[in-house]
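This report refers to the structure that appears directly beneath it.
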């Protein structure tokens, strides 16, 4: 049997932009992506602490050390700059593997979105 487990979590980052006219996705500072072991194109669940919205899209890298967190396309309507988000990715694995697995948990600076 396989189960879904949390693979990565970027906790409490602020939205820096919302670009309705972009094709889609979430742009994430590449330093944050690396720290959380998130790869380009990976599905990301977005939890908006300000309004309770939950949505899924895919990650694209933003400039390193920029703190950028931009929702693109239709998802831009579900956030506002300054909203606080939790970004989560999941993996599917065997139960025994999941018992030993340790997710990448990232807690960036809440004001700048930069790694501490």
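In our numbering, the protein residues as written are 5 to 120.
Think of the CB as a built atom: it goes at the ideal place given N, C-alpha and C, for glycine as much as any other residue.
Since this is a predicted model, take the numbers as computed values, not measurements.
Starting from residue 104, trace the alpha helix (DSSP H) both ways and give me its first and last residue. 99 to 104
Three-state secondary structure (DSSP) at residue 81? helix
List the DSSP bridge partners of residue 63. 30
State the Cα-Cα distance for the pair residue 36 and residue 80, rounded to the nearest angstrom. 20 angstroms
Which term fits residue 47, buried or exposed, when burial requires 16 or more other beta carbons within 10 angstroms of its beta carbon? exposed
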